[in-house]
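According to the numbering used here, the sequence shown holds residues 326 to 571 in order.
No residue lacks a Cβ here, since even glycine has one placed at the ideal position from N, Cα and C.
Here the structure is laid out as structure tokens; the discussion comes afterwards.
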Amino acid sequence: METQRILGVKFNILDQAGFIRKIDQELSGDSYDSKYVVTPNAEIVMQARKDPRLNEIIDSAWLSSPDGSGILMASKLLPEKRIFQERVAGFDLMEALIELAAERNYSVYFLGGRPGIVEKARDNLMRSYPGIDICGCHHGYLDARLKVEVIADINQQRPDLLLVGMGAPRQEYFISEHKDELDFKVALTVGGSFDVISGEKKRAPGWVQKIYLEWLYRLFQEPARWKRIKVLPHFILIMLIDGIKN
């Protein structure tokens with residue numbers, strides 16, 4: 326598969342339909358190979374620049390999708406000109422895969438979010454997709470005892486699709502540390518998506534996403550995010566400097 330690197334972080338050059346096709350092929354098979362898909366945005370790229378472990382986890386991922394307008398724009402500054410066709414957000418991948426799971430009877434396990442939130446997300450989806458096989462769910466605040474219990478539960482359920490929403494880099498660390506002892510076909514990192522599915526938070530309208538201002542919409546909802554979002558100007562500056570040099 327063709328890849329591109331943004332500040333040393335790997336991405337696959339596929340559109341959303343391409344990601345879905347590849348994941349569907351794995352979900353429809355018989356093998357539980359514990360492959361994982363990551364969805365880095367500009368913020369995660371900046372984290373990975375300072376965290377070699379996180380960068381290695383992304384590098385080892387089966388698939389890595391360009392989540393965020395910053396990644397999309399950054400690819401246009403690269404000398405190789407291998408430009409991403411579109412933004413492939415983790416939330417959009419998750420929505421498409423949930424719909425696919427409902428159609429093809431793939432089992433899904435939710436892991437992440439705050440206590441009570443992930444259950445609301447599950448209940449909302451079961452109302453939207455009657456008959457969907459959500460085989461298990463658990464919040465993402467795991468001490469040593471809970472972690473053992475959750476791993477045992479996942480292995481008992483053997484989900485086709487494991488959705489992990491703990492925020493970066495916790496979700497990436499969890500999958501990397503435990504994938505060899507977990508029975509699933511494909512895992513996808515979904516960040517704070519359970520908050521949106523549960524109704525606790527709203528996603529930016531489509532027109533806001535199209536003009537690359539979803540980050541601002543989220544900042545208005547969560548003012549505390551400014552500490553994380555402030556890395557974006559630094560990301561843009563580094564990409565511009567690299568673009569000029571090349």
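To the nearest angstrom, how far is it from the Cα of Y357 to the Cα of S432?
-> As a first step, residue 357 is located in the sequence shown; it is residue number 32 there, counting from the start. As a first step, residue 432 is located in the sequence shown; it is residue number 107 there, counting from the start. Taking the straight line joining both Cα atoms gives about 13 angstroms.
What are the start and end residues of the beta strand (DSSP E) that includes I331?
-> Looking up residue 331 in the sequence shown gives position 6. 328 to 331 is the extent of the beta strand (DSSP E) around I331.
Tell me, which residues are paired with A512 by DSSP?
-> Indexing the sequence shown from 1 puts residue 512 at position 187. Per DSSP, Y361, L487.
DSSP state of K335 mapped onto helix, strand, coil | Here the question's residue 335 lines up with position 10 in the sequence shown. In this structure, K335 counts as strand in the three-state DSSP scheme.
Among residues of its own chain, excluding the 5 on either side of M564, which ones have a beta-carbon nearer than 7 angstroms to its beta-carbon?
-> Position 239 of the sequence shown holds residue 564. Taken in chain order, the residues that qualify are A399, L402.
Apart from the five residues on each side of it in sequence, which residues of its chain come closer than 7 angstroms, Cβ to Cβ, to N430?
-> Position 105 of the sequence shown, counted from the first residue, corresponds to residue 430. Same-chain partners within the cutoff: D458.
How many angstroms separate the CA atom of R528 from the CA atom of N366?
-> Taking the first residue of the sequence shown as position 1, residue 528 is located at position 203. Taking the first residue of the sequence shown as position 1, residue 366 is located at position 41. In this model, R528 and N366 are separated by some 16 angstroms (Cα to Cα).
Excluding the five sequence neighbours on either side, which residues of its own chain have a C-beta within less than 7 angstroms of the C-beta of R374, listed in chain order?
-> In the sequence shown, the residue the question calls residue 374 occupies position 49. The answer, listed in chain order, is L332, G333.
Can you find at least 3 beta carbon pairs, one from the region 444 to 461 and one from the region 412 to 431, that sit closer than 8 angstroms?
-> yes
At what residues does the beta strand (DSSP E) containing G437 begin and finish?
-> Within the sequence shown, numbered from 1, the residue matching residue 437 stands at position 112. G437: member of the beta strand (DSSP E) spanning 432 to 437, first to last residue.
Cα-Cα separation between L562 and A477, rounded to whole angstroms | On the sequence shown, residue 562 is found 237 positions in, with the first residue counted as 1. On the sequence shown, residue 477 is found 152 positions in, with the first residue counted as 1. Answer to the nearest angstrom: the Cα atoms are 45 angstroms apart.
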